[in-house]
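J.:
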Amino acid sequence: MNPLLIITLVLLVVSGVGLIIFILLHSGKGTGISDMIASSVYSTQTGTSIVEKNLDRITIIFAVVFLLSLLVLMIIYPHGTIR
Numbered sequence: 075m076n077p078l079l080i081i082t083l084v085l086l087v088v089s090g091v092g093l094i095i096f097i098l099l100h101s102g103k104g105t106g107i108s109d110m111i112a113s114s115v116y117s118t119q120t121g122t123s124i125v126e127k128n129l130d131r132i133t134i135i136f137a138v139v140f141l142l143s144l145l146v147l148m149i150i151y152p153h154g155t156i157r
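In the numbering used here, the protein residues as written are 75 to 157.
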């Protein structure tokens, strides 16, 4: 396995797990994991919008890294010929 493959696979796994975590942290309709965690973190309404914007930015960064690592894997190994 070459170093580029290892780096790309690590980026893919880390960005995938990060994407799942940060999507679950977004505030939903008041139920679920995000509301349980966020209720202790959010103290005011103005702080909520700042935290939500930061969550959006981090989620977008993880999504872009995930997609770029997938594209690199598709270009380097077009037919799944990892050996």
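Glycine is no exception: its CB is placed at the ideal position from the N, C-alpha and C atoms. Here the structure is a predicted model, which is why all the values come from computation and not from measurement.
Where does Pro77 fall in DSSP's three states?
T.: Stepping through the sequence shown from its first residue, residue 77 is reached at position 3. Residue state, collapsed to three classes: helix.
J.: Can we count Leu99 as close to the ligand COA, meaning its CB is less than 7 Å from some heavy atom?
T.: As presented, the structure is devoid of all ligands, the ligand COA included, so that no description of it is given.
J.: Would you tell me roughly how many angstroms separate the C-alpha atoms of Leu129 and Leu99, rounded to the nearest one?
T.: Residue 129 sits at position 55 when you count from the first residue of the sequence shown. Residue 99 sits at position 25 when you count from the first residue of the sequence shown. Using only the alpha carbons, I get a separation of about 8 Å.
J.: Rounded to a whole number of angstroms, what is the C-alpha to C-alpha distance between Ile81 and Ser123?
T.: By one-based count along the sequence shown, residue 81 stands at place 7. By one-based count along the sequence shown, residue 123 stands at place 49. If I take the Cα positions, the gap works out to 35 Å.
J.: Cβ atoms of Leu79 and Ile150: under 8 Å apart, would you say?
T.: Position 76 of the sequence shown, counted from the first residue, corresponds to residue 150. Position 5 of the sequence shown, counted from the first residue, corresponds to residue 79. Contact: yes.
J.: Mind reading off the beta-carbon distance from Val139 to Ser89? Whole number of angstroms is fine, and I expect it under 8 Å.
T.: Numbered from its first residue, the sequence shown carries residue 139 at position 65. Numbered from its first residue, the sequence shown carries residue 89 at position 15. Indeed they touch by this definition, with Cβ atoms about 4 Å apart.
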